[in-house]
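So the sequence lines, in the order shown, correspond to chains A and B. Residue numbers for the first sequence follow my numbering, so the first one is 17 and each next one is one higher. Residue numbers for the second sequence follow my numbering, so the first one is 17 and each next one is one higher. Even for Gly, the Cβ is constructed at its ideal location relative to N, Cα and C.
2 protein chains.
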Amino acid sequence: MGRLKQFDPEAAVAAATDLFWRQGYGATTPADLVGALGIGKGSLYNTFDNKRALFGEALRHYGEARVAALVAVLNRPGPARARLQAALERLAAPETAHLRRRGCMGVNTVAELGGRDEAATAIVHSIFERMERALQAAIEEGQRNGELDAGRDARELASLLMTTILGMTVIAKMSDRTEQLHRVVHAVMSLI
Amino acid sequence: MGRLKQFDPEAAVAAATDLFWRQGYGATTPADLVGALGIGKGSLYNTFDNKRALFGEALRHYGEARVAALVAVLNRPGPARARLQAALERLAAPETAHLRRRGCMGVNTVAELGGRDEAATAIVHSIFERMERALQAAIEEGQRNGELDAGRDARELASLLMTTILGMTVIAKMSDRTEQLHRVVHAVMSLI
DNA sequence: CCAATTTTGTACCTTGAATTCAAGAATCCC
DNA sequence: GGGATTCTTGAATTCAAGGTACAAAATTGG
Numbered sequence: 017m018g019r020l021k022q023f024d025p026e027a028a029v030a031a032a033t034d035l036f037w038r039q040g041y042g043a044t045t046p047a048d049l050v051g052a053l054g055i056g057k058g059s060l061y062n063t064f065d066n067k068r069a070l071f072g073e074a075l076r077h078y079g080e081a082r083v084a085a086l087v088a089v090l091n092r093p094g095p096a097r098a099r100l101q102a103a104l105e106r107l108a109a110p111e112t113a114h115l116r117r118r119g120c121m122g123v124n125t126v127a128e129l130g131g132r133d134e135a136a137t138a139i140v141h142s143i144f145e146r147m148e149r150a151l152q153a154a155i156e157e158g159q160r161n162g163e164l165d166a167g168r169d170a171r172e173l174a175s176l177l178m179t180t181i182l183g184m185t186v187i188a189k190m191s192d193r194t195e196q197l198h199r200v201v202h203a204v205m206s207l208i
Numbered sequence: 017m018g019r020l021k022q023f024d025p026e027a028a029v030a031a032a033t034d035l036f037w038r039q040g041y042g043a044t045t046p047a048d049l050v051g052a053l054g055i056g057k058g059s060l061y062n063t064f065d066n067k068r069a070l071f072g073e074a075l076r077h078y079g080e081a082r083v084a085a086l087v088a089v090l091n092r093p094g095p096a097r098a099r100l101q102a103a104l105e106r107l108a109a110p111e112t113a114h115l116r117r118r119g120c121m122g123v124n125t126v127a128e129l130g131g132r133d134e135a136a137t138a139i140v141h142s143i144f145e146r147m148e149r150a151l152q153a154a155i156e157e158g159q160r161n162g163e164l165d166a167g168r169d170a171r172e173l174a175s176l177l178m179t180t181i182l183g184m185t186v187i188a189k190m191s192d193r194t195e196q197l198h199r200v201v202h203a204v205m206s207l208i
């Protein structure tokens, strides 16, 4: 059967995600990865075909975690409006402060690879789509129980919230201006 | 006095902007630049100190053009609300279709260099700030003449619109879904 | 026209990125 | 335990990025 792996591939993907998220695809070198994953180059290329393939797994890994986190917030008990607000507010919360300057790995990927790597773009697209659907579900729930104006198009509102979230991650990555983020959240929440 | 330059440095910066905008900083090589600017390496490094310096000029060039374009739309005659809508709608308009998949060079730069190149980040920051101020001015105008609810915080609304614009450029770069962009515009314009 | 000065393109250099490979080590099966 | 197999390690390889040096050519003031 041969020698068995001396490391956990899933943990390696998680570590790679961390690096790619912070540095982007192009700026992350195999040497960086070897250092962060704590394995040799041979193991790296033996387990993951190449840098691009590992990046794909990292991006997927990132997406699952982020979508799950958003869904978790949106599924908490309480009024739908508060849950939507919490989903936005999370982007400006103190507990995510250390992540803020990384921006969103999906946005980063689209910005860096958009138009040149359709596969990566497609992964990000599906991440954003799932997030938007989760937002829409919460909005529709709020409309059903009268918290939100049922006359509005839930899909439209979900698109707006998703767009707002994306814009907020850009602002967050640019400089840690928490107040500005809160201002955006307040603006949109007082409108819907 | 010696020989004078055989090319127009401003035109060269414009060409470099085009390249950097499409490919990003890291993915653009000196060879690419030499090809696009139509000059030799000697002239390139003689006129612009290095790749990073040229990128800085390109980013500035981009910012001036974009801010001016936004201000131009916002200063057109007619009701303030229509002008704000036009500013957003422009991002989904047919005449900007060929630019859409490039995304916003500011967003691209923040995504790629944010946290690693404070100077570049600062330039982008100032671009976005000027845009947001222009939006705020138009909003305040709309509030003064009764088109927009004067009870709302204009600064907050401007932040929201700016954030929406940033998010829209991300969506646009990901895939040319014009309808989704229109949906976002409609959503935000029907709320304010 | 001459000298000074600058441009220009090519050739060259250095560094590091991305990947491959050879040799050794661990594992299982018989 | 021997052999087949798969993993690990780190050195070797390849290639291009980013920039420098240089010599030839061109332009201007005097």
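- The beta carbons of B/L60 and B/D48 sit no closer together than 7 Å.
- By the rule that beta-carbons nearer than 7 Å mark a contact, B/A203 touches chain A.
- Taking a Cβ-Cβ threshold of 7 Å, none of the residues of chain B is close to A/Q22; the smallest such distance is about 32 Å.
- Around A/E163, the same chain offers P95, A96, R97 as residues with beta carbons nearer than 6 Å, after the five sequence neighbours per side are excluded.
- The residue among B/A28, B/R38, B/G42 with its C-alpha nearest the C-alpha of B/G56 is B/A28.
- Runs of the alpha helix (DSSP H) lying entirely within the segment 52 to 86 of chain A and spanning at least 4 residues, in chain order: 57 to 63.
- Chain A places no beta carbon closer than 7 Å to that of B/G58, leaving this residue out of the contacts.
- Within 10 angstroms of the beta-carbon of A/Q196 lie 16 or more other beta-carbons, which makes it buried.
- In terms of Cβ geometry, A/V204 and A/T179 do not form a close pair [threshold 7 Å].
- At the C-beta level, B/M190 and A/H141 come within 7 Å of one another.
- Note on the segment 113 to 152 of chain B: whole alpha helix (DSSP H) runs with a minimum of 4 residues are 113 to 116, 121 to 129, in chain order.
- B/R19 and A/R199 have their C-alpha atoms some 56 Å from each other.
- With respect to the 7 Å criterion, A/E128 and B/G40 are classified as neighbours on the basis of their beta carbons.
- Using a Cβ distance threshold of 7 Å, A/G42 and B/G42 count as a contacting pair.
- Runs of the beta strand (DSSP E) lying entirely within the segment 158 to 189 of chain B, each at least 3 residues long, are absent.
- Within the segment 174 to 202 of chain A, the residues whose Cβ lies closer than 8 Å to any Cβ of chain B are, in chain order, S175, L176, M178, T179, T180, I181, L182, G183, M184, V186, I187, K189, M190, S191, Q196, R199, V200, H202.
- In the structure shown, the three-state DSSP call for A/L20 is coil.
- Listed along chain A is no residue with a C-beta nearer than 7 Å to that of B/E163; the closest approach is about 16 Å.
- Within the segment 119 to 130 of chain A, contact with chain B at the beta-carbon level (separation under 7 Å) is assigned to G119, V123, N124, V126, A127, E128, G130.
- The alpha carbon of A/V126 has as its nearest neighbour, out of B/L182, B/A32, B/T63, B/F64, the alpha carbon of B/L182.
- The beta carbon of B/H114 does not come within 7 Å of any beta carbon belonging to chain A, so the residue lies off that interface.
- CA-CA distance, B/E111 to A/F23, rounds to 53 Å.
- Rounded to the nearest angstrom, the Cβ distance from B/L100 to B/A138 is 27 Å, too far for a contact under 8 Å.
- A Cβ-Cβ distance of about 5 Å is found for the pair B/T33 and B/Y78, placing them in contact under the 8 Å criterion.
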